[in-house]
Amino acid sequence: MAGLRLIVGLGNPGSEHARTRHNAGFHFVEALAEKAGARWNVDSKLFGETAKVEIAGQTVWLLKPATFMNLSGKSVTAAQRFWKIEPEETLLAHDELDLPPGVAR
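The sequence shown begins at 30 in my numbering and counts up by one.
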């Protein structure tokens, strides 16, 4: 295992969901991409948008599935297979309704 290789921001597509708490994962990976100056690309074979960043000297892929949150496994699995990334090398960023806003675990 090479460490962290994929960060998936979970959320729901569409402008009606853009500013909701449920899209916290999207906001997280968008902030990472913006800070790194990375550009998002639509990748239909991965069912989402991808960007590539460097974190601590390591290339890390960012993924925003174009599926609704409850179907995001299709996109995550496709990306892991395509880039040969193990689950242990994947971080999922998402909202957690059991925690108060601003708290992470």
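For glycine and all other residues, C-beta sits at the position ideal for the given N, C-alpha and C.
Here the structure is a predicted model, which means the values were calculated and not measured.
Inter-residue spacing [alpha-carbon to alpha-carbon] between residue i and residue j
| i | j | result |
| --- | --- | --- |
| Gln109 | Phe57 | 19 Å |
| Trp90 | Ile36 | 6 Å |
| Met30 | Trp112 | Low confidence applies here, because Met30 scores a pLDDT of 46, under 50, leaving its location unreliable; read the following figure in that light. When rounded, the distance between both Cα atoms is 13 Å. |
| Asn70 | Pro116 | 23 Å |
| Leu33 | Thr79 | 16 Å |
| Gly102 | Glu125 | 17 Å |
| Gln87 | Ile114 | 14 Å |
Proximity of residue i and residue j at Cβ, strictly below 8 Å
| i | j | result |
| --- | --- | --- |
| Ala67 | Lys81 | yes |
| Lys74 | Ala95 | no |
| Glu83 | Ala62 | no |
| His51 | Gly40 | yes |
| Gly54 | Gly38 | yes |
| Leu120 | Ser104 | no |
Beta-bridge pairing of residue i - partner residues as DSSP gives them
| i | result |
| --- | --- |
| Lys103 | Answer is none; Lys103 lacks a bridge partner. |
Short CB-CB distance (under 8 Å) between residue i and chain B
| i | result |
| --- | --- |
| Thr79 | Among the chains of the structure shown, chain B does not appear; only one protein chain is present. |
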